[in-house]
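With my numbering, letter number 126 in the sequence shown gets 126, and the count goes up by one each step, no holes.
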Amino acid sequence: RFFSSGFHHYRPKTPERFMWAPAALGSVGFTSGRHYWEVEVGDKTEWKLGVVRESVDRKLILPTLTENGFYILYKEEENYIIFNPCTALPLLVKPSKIGVYLDYEGGQMSFYNADDMSHIHIYVDTFIEKMYPYFDTMYNQVPLQIIPPNRK
């Protein structure tokens, strides 16, 4: 059982399911190429977005650090936080859409304010396994919305 978007749902336990968070992975993972998507976050007070390694442990409660396979941006109230080290980012403008850009071979995972395309943060690493988009509603009632590329 988990809590997502303000409602209780009963779901079977599977190896793919995060047992400790109302999180979901994108249906397509990446082992090469450059990939960009946008997520409408609106006025949500809390969320996590980014990419995770295919092998990330979904059963244990782990800190969402790159060493554990997470490359994420976390919003908590008015704070935008990245990890490794844990740092609050001083964003002057509150984004309503977040752009996520993965350059697999280039070893870069970037976040943008998709409203004005200003850069938020970049993780630099060597990716050696399949990476999946990561979405965590953090128990908010308003869902995260992935914006199709043709709807910009």
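C-beta atoms are modelled at their ideal positions from N, C-alpha and C, and glycine is treated no differently.
Discussion item. Under DSSP, the beta strand (DSSP E) around methionine 131 begins and ends at which residues?
Written reply: 131 to 136
Worksheet item: With distances taken from CA atoms, which of Asp115, Asp116 and Val100 is nearest methionine 109?
Response: Val100
Worksheet item: Using the C-alpha atoms, what's the distance from serine 55 back to isoleucine 98?
Response: Looking at the two C-alpha atoms, the distance is approximately 25 Å.
Worksheet entry | For threonine 64, three-class secondary structure by DSSP | coil
Fill in: Contact test: leucine 89 Cβ vs the ligand NAD heavy atom, cutoff 7 Å
Annotation note on the ligand NAD: not contained in the displayed structure, which lists no ligands.
Discussion item. Let me check understanding here. Comparing Cα to Cα, which of Asp116, Leu73, Ala23 and Lys130 lies closest to serine 32?
Written reply: Answer by Cα proximity: Lys130.
Discussion item. Does valine 93 pass the burial test, meaning 16 or more other C-beta atoms within 10 Å, or should it be called exposed?
Written reply: Counting every other CB atom within 10 Å of its CB across the protein chains shown gives valine 93 a total below 16, marking it as exposed.
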